[in-house]
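Engineer: This is the structure I have questions about; it appears just below.
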Amino acid sequence: KQEVTQIPAALSVPEGENLVLNCSFTDSAIYNLQWFRQDPGKGLTSLLLIQSSQREQTSGRLNASLDKSSGRSTLYIAASQPGDSATYLCAVSGDSGYALNFGKGTSLLVTP
Amino acid sequence: DTGVSQDPRHKITKRGQNVTFRCDPISEHNRLYWYRQTLGQGPEFLTYFQNEAQLEKSRLLSDRFSAERPKGSFSTLEIQRTEQGDSAMYLCASKADENQPQHFGDGTRLSIL
Chain A
7 KQEVTQIPAA LSVPEGENLV LNCSFTDSAI YNLQWFRQDP GKGLTSLLLI QSSQREQTSG
67 RLNASLDKSS GRSTLYIAAS QPGDSATYLC AVSGDSGYAL NFGKGTSLLV TP
Chain B
29 DTGVSQDPRH KITKRGQNVT FRCDPISEHN RLYWYRQTLG QGPEFLTYFQ NEAQLEKSRL
89 LSDRFSAERP KGSFSTLEIQ RTEQGDSAMY LCASKADENQ PQHFGDGTRL SIL
């Protein structure tokens, strides 16, 4: 059974800092990996999708990397802003490519 | 593209009642997913449709849970004889094909009294 772990569980940083969120998964036979953002009481917003054949994806201040063989992904956020405060979730889909297995998330607080 | 729409946003009901939630996916997305999320946890996969076919339902939590997508467009998730442990956020997602990201709605929050 695929297990997804996210470290740290919570993080507080001052505005302007660069930061890294970590995600690890136990079964390297994944189809793709997706990073999401979730604001309190809301659904999930897709940030980045990395196919199993890719090493990284970038969108604006966000960069996600994937090392499938070691079962790891990182989400790098550059020049953090208070508006980045949210819970960030990592999810992987298996060979069948449909069900996403989620970690518990990293709760990020960016202080002004 | 108006995004994934879920209705209602909140549902409060007494234990033992039946509840039904609706999800309208992004138009032309033929894949639709249901998840459940409890406090402090990531979403947990429940079931999956491709068009009107339910291709995976073994992860539905019990036989009290059922889902339909009769015409391959909107979907409903029903919980019969609700229990306290059913209190959670129920999320719907859709995507266009295997290589696209899943897009989520804002969920239906269920509270069982």
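Line by line, the protein sequences give chains A and B. This note's numbering numbers the first residue of the first sequence as 7 and each following residue consecutively. This note's numbering numbers the first residue of the second sequence as 29 and each following residue consecutively. Even glycine gets a Cβ: it sits at the ideal position worked out from N, Cα and C.
Report the neighbours of B/ASN10 on chain A: residues whose CB is nearer than 9 Å to its CB, in chain order.
Structural biologist: Because chain B here runs from 29 to 141, residue 10 of chain B falls outside it and cannot be looked at.
Engineer: Within 8 Å, do at least three Cβ pairs link the stretch 55-72 of chain B to the stretch 84-100 of chain B?
Structural biologist: Because the criterion of three Cβ pairs below 8 Å is met, the stretch 84-100 of chain B and the stretch 55-72 of chain B touch.
Engineer: With the cut-off set at 8 Å, would you say A/ARG49 and B/GLY133 are in Cβ contact?
Structural biologist: It is worth fixing the name first, because residue 49 of chain A is Gly in this sequence and not Arg. Against a cut-off of 8 Å, the Cβ pair of B/GLY133 and A/GLY49 comes out as a contact.
Engineer: For A/GLY111, name the three-state secondary structure that DSSP assigns.
Structural biologist: In the structure shown, A/GLY111 sits in coil (DSSP, three-state: anything other than H, G, I, E or B).
Engineer: Quick check: is the beta carbon of B/HIS57 nearer than 8 Å to any beta carbon in chain A?
Structural biologist: For B/HIS57, the answer is no, since every Cβ of chain A falls outside 8 Å of its Cβ.
Engineer: Is it the case that the Cβ atoms of B/TYR118 and B/THR104 are separated by a distance below 8 Å?
Structural biologist: Not a contact, by the Cβ cut-off of 8 Å.
Engineer: State the beta-bridge partners of B/ARG49 as determined by DSSP.
Structural biologist: Rather than Arg, the amino acid found at residue 49 of chain B in this sequence is Phe. Partner(s): B/LEU105.
Engineer: Can you find the residues in the same chain that come closer than 6 Å, C-beta to C-beta, to A/ALA84, ignoring five residues on each side of it along the sequence?
Structural biologist: Correct list, in chain order: ASN24, ARG67.
Engineer: Considering B/ASP35, what are the terminal residues of the beta strand (DSSP E) in which it resides?
Structural biologist: Unbroken beta strand (DSSP E) run through B/ASP35: 33-35.
Engineer: Hey, is the stretch 87-103 of chain A in contact with the stretch 32-44 of chain A, meaning 3+ C-beta pairs nearer than 8 Å?
Structural biologist: Touching, yes, given that three or more Cβ pairs across the two stretches are closer than 8 Å.
Engineer: DSSP has A/ARG78 in a bridge; who is on the other side?
Structural biologist: DSSP, once it has assigned bridges, lists A/SER30, A/ASP73 as partnering A/ARG78.
Engineer: Alpha carbons only, please: which of A/GLN8, A/GLN12, A/LYS7 is nearest the one belonging to A/THR112?
Structural biologist: Residue A/GLN12 is the option with its Cα nearest to A/THR112.
Engineer: Which word fits B/HIS131, buried or exposed, when buried means at least 16 other C-beta atoms lie within 10 angstroms of its C-beta?
Structural biologist: By the 10 Å Cβ count, B/HIS131 comes out buried.
Engineer: By Cβ distance, which residues of its chain are closer than 8 Å to A/VAL4, with the 5 residues on each side in sequence left out?
Structural biologist: Since the first residue of chain A shown is 7 and the last is 118, residue 4 of chain A is not available in this structure.
Engineer: Could you tell me the alpha carbon to alpha carbon distance between A/ALA70 and A/ALA15, rounded to whole angstroms?
Structural biologist: Rounded to the nearest angstrom, the two C-alpha atoms are 18 Å apart.
Engineer: Assign B/PRO71 to buried or exposed, taking buried as 16 or more other Cβ atoms, counted over all protein chains shown, within 10 Å of its Cβ.
Structural biologist: Buried: at least 16 other Cβ atoms inside 10 Å.
Engineer: Which same chain residues, not among the five before or five after B/LYS123, have their C-beta less than 7 Å away from its C-beta?
Structural biologist: Result list for B/LYS123: HIS57, ARG59, PRO129, GLN130, HIS131, in chain order.
Engineer: Taking B/ASP125 as the reference, which of B/ASN79, B/PHE102, B/THR41, B/GLN108 has the closest Cα?
Structural biologist: If we check each option's Cα against that of B/ASP125, B/ASN79 comes out closest.
Engineer: Compile a chain-ordered list of the residues in the stretch 98-115 of chain A whose CB is closer than 9 Å to at least one CB of chain B.
Structural biologist: Residues SER99, SER102, GLY103, TYR104, ALA105, LEU106, ASN107, PHE108, GLY109, LYS110, GLY111.
Engineer: Taking all protein chains shown into account, decide if B/ASN127 is buried (16 or more other Cβ within 10 angstroms of its Cβ) or exposed.
Structural biologist: B/ASN127 comes out exposed.
Engineer: By DSSP, does A/PRO14 sit in helix, in strand, or in coil?
Structural biologist: Residue state, collapsed to three classes: coil.
Engineer: What residue ranges within the stretch 41-89 of chain B form continuous beta strand (DSSP E) runs of no fewer than 3 residues, ordered along the chain?
Structural biologist: Listed in chain order, the complete beta strand (DSSP E) runs (minimum 3 residues) inside the stretch 41-89 of chain B are 47-52, 59-65, 72-78, 81-84.
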